[in-house]
Structure formats: C-alpha cells, structure tokens
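Participant: Residue numbers (my numbering): 13 to 359.
Think of the CB as a built atom: it goes at the ideal place given N, C-alpha and C, for glycine as much as any other residue.
Got a structure for you, questions after.
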C-alpha cells in the first residue's frame with residue numbers, strides 16, 4: 013500500500029525544488045540581461061518549455077519510487093508514461109528554442125537596411141534555411157525519443173532495422189522529387205547563387221526573391237504578384253541575377269529620331285534631366301548614335317543607378333524629358349519623306 017502522507021511530502025518537496033530552480037534561473041537571467049539584453053529574449057522564448065522540463069525532472073523520480081510493486085495497473089503505467097513523454101517533449105522544445113535563439117543572435121549582427129548588404133542577405137538566406145532545418149531536426153529527434161520511451165517500440169526495433177534498407181529504397185523512389193527540392197534548397201542557401209532580396213528575371217518576369225524554403229522559392233514580381241518556383245528551378249534552369257555581386261546597374265534608353273536631330277543639344281538635355289533627379293548615382297552617362305537606317309537615327313542613352321527599381325524610374329525620367337524637349341523644340345521629331353516624281357508623258 014502507498015503511504016499517502018509520505019507521498020504528499022515528496023511531491024511537495026519536488027514542487028519546492030522546481031520552484032526554487034525556476035526562480036533562481038529567472039533571477040540569473042534578469043541580472044545577466046542588464047549587461048546582455050539578448051539573455052532576456054532567451055528567457056522569454058524558452059520560459060514555458062524550461063518550466064515544464066524542470067517540473068517533470070523533479071516529479072519523475074517521485075513517480076518512479078512511489079509505484080507499488082504489485083500494482084501494474086493500466087492507469088499507473090499510463091500516468092508514468094505520460095510524465096516521461098512530457099519531459100522528453102519539454103526537453104526537445106527547450107533545446108530547439110535555445111538553438112533558434114543562437115541562430116537569431118548571429119543573424120542580428122548583419123543588417124539588410126544598408127546600401128551594401130550583399131553579405132547580410134547571404135547570411136540571412138543561410139540562417140533562415142538553417143532555422144527550418146533546426147525545427148525539422150528538433151521535431152524528428154523529439155519524436156524518435158518519445159517513440160523509444162515505449163517498451164513496445166524497443167521490442168520491435170530489430171525487425172524495423174532489418175527492413176530499413178528496403179523501406180529506404182522505396183521511400184527514396186517515391187519521394188525523389190521532394191528530396192531533390194530539399195537538397196536544391198540547401199544548395200541555394202549555401203551556394204550563394206541567389207539570396208533574399210536579389211533582383212532576378214525568371215520565366216520572363218522581373219522581381220525580387222522574397223522567400224527561400226527547402227522546397228520552393230517565392231519571387232515577388234514588380235506588380236506585386238508572387239511567382240512560386242521549385243528549388244530545383246534555380247539549380248537546373250538559367251536565370252538572370254541583377255544583384256549577384258552588387259546592386260548598381262547600367263540601363264539604356266533608346267529613341268528613334270529624325271536625321272536633323274542636334275545630338276550636342278540632346279547631350280545637354282541629358283545633363284539637365286540628370287541634374288533634376290536624385291535617381292542617378294553619378295557613375296556614368298553616355299549618349300551615342302548607334303544606328304542610322306530606315307529613315308531614322310537611333311540614339312541610345314546609358315545611365316546608372318544604385319539598384320534596379322531606381323534604374324527603372326531613372327530611365328523613364330530621362331526618356332520623358334528627352335521626348336518632351338524634342339517635341340517642344342521640333343528638334344528631331346521623326347518624319348516620313350515622300351518624293352513626288354512626275355511620270356513622263358508618252359508620245
């Protein structure tokens with residue numbers, strides 16, 4: 013028989029120890045947060061799993077010692093098993109929270125709101141993929157530990173291992189496309205071919221890399237549509253990355269004008285157009301006549317900007333300014349010339 017008075021004493025002692033540990037840990041975290049503010053964030057994230065873990069660690073020995081030898085009743089076995097499972101889940105949750113916190117601390121050292129953020133975007137891409145791997149690995153390891161806590165699972169372990177080879181082959185064949193995307197996602201994250209916020213052209217569409225997962229990549233297009241592509245697309249299909257090494261870009265504006273156009277005056281108007289906007293980064297400007305066939309003269313303007321969105325706006329600004337000047341001053345408006353030839357009269 014169980015002495016319930018001793019049972020209550022042991023339970024109260026275990027609860028007291030748990031409370032002392034929780035309070036002491038909270039006090040230490042608050043003191044450390046004065047010097048390292050990140051500790052306060054760690055305490056906030058892992059508060060619940062840590063308290064559950066401490067409670068289960070202190071109560072499980074009490075439950076094990078109080079189990080009567082003659083009482084293999086279902087309710088007692090189920091209660092003890094539930095307490096063990098809860099402790100395993102809390103431990104897995106706590107460790108995963110700590111690892112995620114450490115990854116976020118490392119990520120916070122790299123800012124993406126600065127002009128030259130290529131390294132920061134690369135690290136952000138890799139850490140976000142590692143976060144997803146951490147969550148998946150934590151869930152799988154915790155689930156495996158929970159299953160191994162059941163005696164029935166241990167008993168069939170030998171047969172499961174014996175058939176593991178056949179099962180792995182079948183699973184690999186059935187999920188080869190999924191696994192290919194997973195490995196492609198890892199390759200994207202650590203291969204540095206594409207990063208978050210990179211400007212890319214895929215499927216004849218222009219946009220930014222918005223999200224990278226283990227199986228797919230989301231591209232935010234210029235008109236706010238989302239193009240979702242499998243990860244294998246970026247490892248098997250050529251695509252344009254406009255910000256592979258740096259965000260600065262060179263763009264062109266082309267105009268078909270009349271042969272009477274004054275190119276010197278047009279260059280002066282290009283300087284006027286660039287002086288009235290902050291979109292131009294000052295790196296380069298060129299106005300050249302690149303072709304003169306078909307009755308028109310083709311003028312090409314090259315300008316530079318700090319990134320793709322600003323370059324697009326700059327090209328529109330320059331084109332609009334030059335078109336307005338040509339129209340208002342009649343200095344090169346395209347014209348079709350027709351020569352009238354009188355046919356000789358027959359005798």
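If we count the other Cβ atoms within 10 Å of its Cβ and call it buried at 16 or more, is residue 207 buried or exposed?
Facilitator: The residue you call residue 207 lines up with position 195 of the chain shown. Answer is buried; the Cβ neighbour count reaches 16.
Participant: Residues bridged to residue 268 by DSSP?
Facilitator: Locating residue 268 in the chain shown gives position 256, counting from the first residue. Partner(s): 310.
Participant: Use the C-beta contact count for residue 326: other C-beta atoms within 10 angstroms, 16 or more gives buried, fewer gives exposed.
Facilitator: Within the chain shown, residue 326 is the residue found at index 314, counting from 1. Looking at its Cβ environment, which holds 16 or more other Cβ atoms inside 10 Å, residue 326 is buried.
Participant: Excluding the 5 residues preceding and the 5 following residue 64 in the sequence, name in chain order all residues of the same chain whose CB lies nearer than 6 Å to its CB.
Facilitator: Indexing the chain shown from 1 puts residue 64 at position 52. Same-chain partners within the cutoff: 102.
Participant: How many angstroms separate the CA atom of residue 151 from the CA atom of residue 104?
Facilitator: Residue 151 sits at position 139 when you count from the first residue of the chain shown. Residue 104 sits at position 92 when you count from the first residue of the chain shown. Cα-Cα distance, rounded: 8 Å.
Participant: Considering only the beta carbon of each residue, do residue 210 and residue 253 sit closer than 8 Å?
Facilitator: The residue given as residue 210 occupies position 198 in the chain shown. The residue given as residue 253 occupies position 241 in the chain shown. Yes, these two residues count as a Cβ contact at 8 Å.
Participant: Put residue 33 into one of helix, strand or coil per three-state DSSP.
Facilitator: Residue 33 sits at position 21 when you count from the first residue of the chain shown. Here residue 33 sits in helix by DSSP.
Participant: By Cβ distance, which residues of its chain are closer than 8 Å to residue 133, with the 5 residues on each side in sequence left out?
Facilitator: Within the chain shown, the letter at position 121 stands for residue 133. Excluding positions up to five away in sequence, the list reads 124, 207, 208, 209, 210.
Participant: Pick from 244, 277, 315, 307: whose alpha carbon is nearest that of residue 350?
Facilitator: Translated into the one-based positions of the chain shown, residue 350 becomes position 338. The residue with the shortest Cα to Cα distance from residue 350 is 307.
Participant: Report the option in 284, 161, 116 whose CA atom is closest to the CA atom of residue 331.
Facilitator: Taking the chain shown and counting its residues from 1, one reaches residue 331 at position 319. The option with the nearest alpha carbon to residue 331 is 284.
Participant: Between the C-alpha atoms of residue 57 and residue 109, what's the straight-line distance to the nearest angstrom?
Facilitator: Residue mapping note: residue 57 aligns to position 45 of the chain shown, counting from 1. Residue mapping note: residue 109 aligns to position 97 of the chain shown, counting from 1. Cα to Cα, residue 57 sits roughly 7 Å from residue 109.
Participant: Out of 309, 201, 318, state which residue places its alpha-carbon closest to the alpha-carbon of residue 290.
Facilitator: Here residue 290 refers to the residue found at position 278 of the chain shown. The residue with the shortest Cα to Cα distance from residue 290 is 318.
Participant: Going by DSSP, which residues form a beta bridge with residue 298?
Facilitator: Position 286 of the chain shown, counted from the first residue, corresponds to residue 298. Bridge partners of residue 298: 314.
Participant: Closer than 8 Å by C-beta to residue 348: which residues in its own chain qualify, once you throw out the five before and the five after it? Chain order, please.
Facilitator: Counting from one through the chain shown, the residue named residue 348 turns up at place 336. Correct list, in chain order: 307.
Participant: Exposed or buried, what is residue 66 when buried is set at 16 or more other beta-carbons lying within 10 Å of its beta-carbon?
Facilitator: By one-based count along the chain shown, residue 66 stands at place 54. Residue 66 should be labelled buried.
Participant: Nearest to residue 60 by CA position, among 34, 39, 43, is which residue?
Facilitator: Walking along the chain shown from the start, residue 60 turns up at place 48. Comparing Cα positions, the closest option is 34.
Participant: Classify residue 203 as buried or exposed, calling it buried when 16 or more other Cβ atoms lie within 10 Å of its own Cβ.
Facilitator: Along the chain shown, read from residue 1 onward, the residue named residue 203 stands at position 191. Label assigned to residue 203: exposed.
Participant: Taking just the CA atoms, how far does residue 301 sit from residue 315?
Facilitator: Stepping through the chain shown from its first residue, residue 315 is reached at position 303. Stepping through the chain shown from its first residue, residue 301 is reached at position 289. About 15 Å.
Participant: Does the Cβ of residue 354 have 16 or more other Cβ atoms within 10 Å, making it buried, or fewer, making it exposed?
Facilitator: Residue 354 sits at position 342 when you count from the first residue of the chain shown. By the 10 Å Cβ count, residue 354 comes out exposed.
Participant: Is the Cβ-Cβ distance between residue 7 and residue 262 less than 8 Å?
Facilitator: A query on residue 7 cannot be resolved here, the shown segment of the chain reaching from 13 to 359 and no further.
Participant: Apart from the five residues just before and just after residue 260, which ones in its own chain have a Cβ nearer than 8 Å to its Cβ?
Facilitator: Looking up residue 260 in the chain shown gives position 248. The answer, listed in chain order, is 293, 295, 316, 317, 318, 319.
Participant: Alpha carbon to alpha carbon, how far is residue 275 from residue 324? Give it in angstroms, no decimals.
Facilitator: For the purposes of this step, residue 324 is taken as the residue at position 312 of the chain shown. For the purposes of this step, residue 275 is taken as the residue at position 263 of the chain shown. So the alpha carbons of these two residues sit roughly 24 Å apart.
Participant: My understanding is that residue 114 touches residue 143, with C-beta atoms under 8 Å, so please give their C-beta distance in whole angstroms.
Facilitator: Counted from its first residue, the chain shown places residue 114 at position 102. Counted from its first residue, the chain shown places residue 143 at position 131. Not confirmed; about 11 Å, so no contact.
Participant: Give me the Cα-Cα distance between residue 195 and residue 240, rounded to the nearest whole angstrom.
Facilitator: Counting from 1 along the chain shown, the entry for residue 195 is found at position 183. Counting from 1 along the chain shown, the entry for residue 240 is found at position 228. The straight-line gap from Cα to Cα measures roughly 17 Å.
Participant: Tell me the rounded alpha-carbon separation between residue 32 and residue 25.
Facilitator: Taking the chain shown and counting its residues from 1, one reaches residue 32 at position 20. Taking the chain shown and counting its residues from 1, one reaches residue 25 at position 13. Computed Cα separation, rounded: 11 Å.
Participant: Threshold first: 4 residues or longer. Then list the alpha helix (DSSP H) segments lying entirely within the stretch 207–289, N to C.
Facilitator: 245–248, 275–287, all fully within the stretch 207–289.
Participant: Please list the terminal residues of the continuous alpha helix (DSSP H) segment that includes residue 324.
Facilitator: Against the chain shown, residue 324 aligns to sequence position 312. Counting along the chain, the alpha helix (DSSP H) containing residue 324 begins and ends at 320–341.
Participant: Take residue 345 and list the residues in its own chain whose beta-carbon comes closer than 7 Å to its own, dropping the five residues that flank it on each side.
Facilitator: Looking up residue 345 in the chain shown gives position 333. So the qualifying residues of the chain are 270, 338, 339.
Participant: Measure the C-alpha to C-alpha separation of residue 117 and residue 153 and round it to an integer number of angstroms.
Facilitator: Against the chain shown, residue 117 aligns to sequence position 105. Against the chain shown, residue 153 aligns to sequence position 141. Rounded to the nearest angstrom, the two C-alpha atoms are 24 Å apart.
Participant: Considering residue 50, what are the terminal residues of the alpha helix (DSSP H) in which it resides?
Facilitator: Reading the chain shown from its first residue, position 38 is the one you call residue 50. Segment 49–57, the alpha helix (DSSP H) holding residue 50.
Participant: Whole angstroms is fine: what's the gap from residue 45's alpha carbon to residue 39's?
Facilitator: Translated into the one-based positions of the chain shown, residue 45 becomes position 33. Translated into the one-based positions of the chain shown, residue 39 becomes position 27. Each residue's Cα considered, the two are about 10 Å apart.
Participant: Classify residue 116 as helix, strand or coil using the three-state DSSP reduction.
Facilitator: Working through the chain shown from its first residue, we reach residue 116 at position 104. Residue 116: helix per DSSP, three-state reduction.
Participant: If we ignore side chains and look at the alpha-carbon of each, how far apart do residue 242 and residue 121 end up?
Facilitator: Residue 242 sits at position 230 when you count from the first residue of the chain shown. Residue 121 sits at position 109 when you count from the first residue of the chain shown. Whole-angstrom Cα-Cα distance: 30 Å.
Participant: Run the CB neighbour count on residue 9, radius 10 Å, all protein chains shown included, and call it buried at 16 or more, exposed below.
Facilitator: No answer is possible for residue 9: it lies beyond the span of the chain, which begins at 13 and ends at 359.
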